[in-house]
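Asks: I have a structure I would like to understand better, so I am pasting it below and will then ask my questions one at a time.
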Amino acid sequence: MDSDGTQEARGTHANPVPRPAGPPEVPAVPPDGFTVPPRPTRAPGVPPMPDGSSFLTWLRTPRPEAPPGVWRFGHRPRPAEEPERIPTRQLVGGAVIAFLCGWLLCSLLYNGYLGGFWLWPWFVLAPDSWALGKAGAVGGVASYIYEGLVFVAIFALFGRIGHWPELWRRYGPAAWRRSEPSAAPPPAPEADPAEWPALRAAGAVDAAERLAADARAGLMRDVDHARIARAWQGVRSGRHSLATFSGAVLQDGAAACLHPSGARDLPTRLARHDLLTGQVRLGTSADDPRNPYAYRGTGLALGPELLGTSLLAVGPAGSGKTGAVVRPLAESLCLHALAGRAAVVVVGAAGAGLGPADAYDVVVRIGNQESEYDLDLYGGTGDPDEAAAVLAEALVGDLADPHPGSDSRRSTTVLAQLLGPFRAVHGRFPSVPELRQLLDGAPGPLAALRQGLQDAGQESLLRELAARERQMGQPGDVGGVLADRVALLDRPAFASFFDTSGATRPFTLKALDHPVRVRIDLPERGHADASRMLARLVLAQFTASVAVREDRSLFACLLLDDATGVVTPEAVRGIQRLRSGNAGVVLTLRTLDDVARPLRGPLLGATGCRMALSGLTPWDGQDFAEVWGKEWTEARDVTDRQIIAETPAGKAAHMLRRVITGKAPTARAVTVRQVERERWSASELAHGVPAGHAVLSLTDVQGEHAPPLLVDLRG
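My numbering puts the sequence shown at residues 1 to 715.
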């Protein structure tokens, strides 16, 4: 059993085992001969380890249930509400004053300045011993014990008044031990995840023993554990037999059920991942009063349960969208793909830093003649109507609102009138030059197409073609607009791409039924319009493909590093449908001005996770403030009223106080009331978010949500 049954990405690999799509990256050597140290291949604390002990520690670390977005690995839950906290200055001052008062009282009692009334219990209990005085050994020792107990009781009383226990908890050795990780006791065998209790309960004892032995010997990685757990889910769901699974595990151990690429890990890891929960850590929730107390100081992490509602990140260039958000998420989803849990497509400009080429199964470098893979312009479908709808969305989806003559529905009709007849005659869809000629109304290609339909007896398609010919040149015809857009792809740089004759190896998003890792590099330099068109094409094909998948247990995600010009009305509707198909998208924008004004509200409403990075403009902040809404908060109004003295003594005291403090005596009045205020105002988002931070709200696929959180993306 080499896979879990969902792992053969048909038509996307050059060989049965995919090879790296490009040469490995090597450290540069400066002219002076000084070699730059290689980049670390793993983030701190990431398994595997040589002896297996650290892997077992990682596996057994508690991961308690937590609110959405909390990094669960080793998480210690905090109260939902912040306890009343005494200020440090007041706490220390009160403790010192309480100690001095207790010491003074004990001194007065011991020296007899307050009389001997406090000794009456001793007279009652031991009158004879007390009569001996301190000359009697028994009586003297007992009296000292009694006095000591009284003094201890006095200090206990004053310690409670001075909050000594709180001072001890906050700054004593207990606080030091709390900050240090404590070794958890080993779990019972029936609850130890390293012993695979689910396999033992199902009767696969030999397989569980083999996996446990590999884990103890240091032969198992976190990806191996996640991959085998995914294969076991296939056994429980009935897709595979227990005998086949057990045989594969007994034969290969921790290397069983491999991904088709044969890889068991990524070549490099720059982020912290926890494949047991599926999370990747992006930063730390700031210890800020605007964050809920349960989130302050906790790690902030995302996983498929949150990405399933889609994520929109907005921030200027250099704010960390690619390095702090897209790159870690791409890494995490590639690890999930190696575990057989996810399929990921990462789209960005060439050289955007979205991970090394050998971290992906397929790398499509559009415009690069050395690219091993091509991109299917029609999404791998054989239905002319479906191909026309997707292609129309890519060509003129961004023109639908400002140009009524370029409506997507009419464009779909025009394309369908040409794609259907062409496929019926040639058995394939037209290439880019052929499609441009047909849209331009070139007499030769149209006549040849008409003749081919007549020879094949396709009367219905002949009527479609005749209708297209009648519409050419008439007012409102969108054929010219479509031809102009197709001309952007009919350039020498793209001459070897989008081929439909079978001479190239096109990648199609129909492969998202399998755990494939794909990176598509767009040629932004010199071809910005074409890049935006291709990004719309990939998004349209993605939303169309995930809607018809047979196996929706595989999470599918599209990461679009720059969504400028990509958001269209149809794209927003497609994003809204992704949650039900166990899929999601991650979109980044420099500003919401890159989205048409009527679409900004629907886009923010369609995405469950919204991120505003530092450097946002106030008008962008206003859109986020509106979608995050308002909340009831407690407002405190403090009023200082000057005190007027009426007696000579009072006036003298006020004058003395003014000389000492420099201020007139005042009386402070505090008014507390409930008011409704924005969670984050536009001004706070524009000017109150520090560099390297972001404000992030979260919603998971179950509907649980987290309010906007101030997050340090550098932590």
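Don't be surprised by glycine CBs; every beta carbon is placed ideally from N, CA and C. No experiment lies behind these values; they were computed from the predicted model shown.
Rounded to whole angstroms, what's the CA-CA distance from Y378 to V567? Just pull it up for me.
Replies: The alpha-carbon atoms of Y378 and V567 are separated by roughly 20 Å.
Asks: Just to confirm, are F555 and R239 a CB contact at a threshold of 8 Å?
Replies: Not in contact: F555 and R239 (Cβ atoms no closer than 8 Å).
Asks: Note down the Cα distance separating D590 from D562, rounded to an integer number of angstroms.
Replies: First, the amino acid is wrong: residue 590 is Arg here, not Asp. Those two C-alpha atoms are separated by around 8 Å.
Asks: Mind the definition here: the segment 337–356 touches the segment 611–619 only if three or more C-beta pairs lie below 8 Å; say whether that holds.
Replies: The segment 337–356 vs the segment 611–619: no contact.
Asks: Ends of the alpha helix (DSSP H) at G162?
Replies: No alpha helix (DSSP H) holds G162; DSSP gives it neither H nor E.
Asks: Quick check on the burial criterion: 16 or more other C-beta atoms within 10 angstroms. Buried or exposed for Y171?
Replies: With fewer than 16 other Cβ atoms within 10 Å, it is exposed.
Asks: When you compare the segment 229–245 with the segment 262–272, are there three or more beta-carbon pairs, one atom per stretch, that lie closer than 8 Å?
Replies: Judged by Cβ distances under 8 Å, the segment 229–245 makes no contact with the segment 262–272, as fewer than three pairs qualify.
Asks: Would you kindly work out how many angstroms separate the C-alpha atoms of M611 and L709, rounded to a whole number?
Replies: Rounded to whole angstroms, M611 to L709 spans 9 Å at the Cα level.
Asks: Assuming contact is defined by CB atoms lying nearer than 8 Å, are R264 and V314 in contact in what I supplied?
Replies: No, Cβ-Cβ distance for R264 and V314 is not below 8 Å.
Asks: Quick check: what's the CA-CA separation for A706 versus S697?
Replies: Their Cα atoms are separated by approximately 6 Å.
Asks: If you follow the alpha helix (DSSP H) that C101 is part of, which residue opens it and which one closes it?
Replies: Element bounds for C101: T88 to Y110.
Asks: Please name the residue or residues paired with C557 in a DSSP beta bridge.
Replies: According to DSSP, C557 bridges with V344 and G584.
Asks: What are the start and end residues of each continuous beta strand (DSSP E) run of 3 or more residues lying completely inside the segment 304–349, in chain order?
Replies: Runs of the beta strand (DSSP E) inside the segment 304–349: 311–314 and 342–349.
Asks: Use the C-beta contact count for V586: other C-beta atoms within 10 angstroms, 16 or more gives buried, fewer gives exposed.
Replies: When all chains shown are included, V586 counts as buried.
Asks: Kindly list the residues whose CB is nearer than 7 Å to the CB of L333, restricted to its own chain and excluding five residues on each side of it in sequence; keep chain order.
Replies: Result list for L333: A342, V344 and C557, in chain order.
Asks: Which residue's Cα is closest to the Cα of S531: L56, A394, L306 and L167?
Replies: Minimum Cα distance to S531 is reached at A394.
Asks: Can you give the beta carbon distance from Q279 to A294, rounded, assuming they're within the 8 Å contact cut?
Replies: Not a contact, Cβ separation roughly 17 Å.
Asks: Starting from I520, follow the alpha helix (DSSP H) in both directions and report where the run begins and ends.
Replies: Run containing I520: none in the alpha helix (DSSP H); it sits in the beta strand (DSSP E), R517 to L522.
Asks: Quick one, which of P443, L449 and G380 has its alpha-carbon nearest F498's?
Replies: F498 has its Cα closest to that of G380, out of P443, L449 and G380.
Asks: So, are the CB atoms of L388 and A350 less than 8 Å apart?
Replies: Position check: residue 388 holds Ala in this sequence, whereas Leu was assumed. No, these two residues do not count as a Cβ contact at 8 Å.
Asks: Short check: CB of G74 to CB of T61, under 8 Å?
Replies: Taking 8 Å as the Cβ cut-off, G74 and T61 qualify as a contacting pair.
Asks: Would you identify the three-state DSSP class for V701, choosing helix, strand or coil?
Replies: V701: coil per DSSP, three-state reduction.
Asks: DSSP on L713, reduced to helix/strand/coil?
Replies: If DSSP states are grouped into helix, strand and coil, L713 belongs with coil.
Asks: Beta-carbon separation of R641 and A669 under 8 Å?
Replies: Yes, the pair counts as a contact, with Cβ atoms nearer than the cut-off.
Asks: Taking contact to mean at least 3 C-beta pairs separated by less than 8 Å, is the segment 448–465 in contact with the segment 517–524?
Replies: Contact between the segment 448–465 and the segment 517–524 is absent, because fewer than three Cβ pairs lie under 8 Å.
Asks: Do V363 and L375 have their C-beta atoms within less than 8 Å of each other?
Replies: Contact flag unset, no.
Asks: Which residue or residues does DSSP assign as beta-bridge partners of M611?
Replies: In DSSP, M611 forms a bridge with A313 and L696.
Asks: For D640, which of helix, strand or coil comes out of DSSP?
Replies: Three-state DSSP puts D640 in a strand.
Asks: Assuming A231 contacts F245 (C-beta within less than 8 Å), just tell me the rounded distance between them.
Replies: Correct: roughly 6 Å between the Cβ atoms.
Asks: Smallest Cα separation from G692: which of S143, D274 and G318?
Replies: It is G318 whose Cα lies nearest to the Cα of G692.
Asks: Identify the continuous alpha helix (DSSP H) that holds Q437 and give its terminal residues.
Replies: First-last of the alpha helix (DSSP H) with Q437: V432 to D440.
Asks: Mapping DSSP to helix, strand and coil, what is W632?
Replies: Three-state result, W632: strand.
Asks: Below 6 Å CB to CB, which residues in the same chain sit around Q471 once its five sequence neighbours on both sides are set aside?
Replies: D477, listed in sequence order.
Asks: State the beta-bridge partners of P197 as determined by DSSP.
Replies: Note: P197 sits in no beta bridge, so no partner.
Asks: Helix, strand or coil, according to DSSP, for E676 in the structure here?
Replies: Note: E676 maps to strand in three-state DSSP.
Asks: Tell whether a beta-carbon distance below 8 Å holds between G283 and L713.
Replies: Taking 8 Å as the Cβ cut-off, G283 and L713 qualify as a contacting pair.
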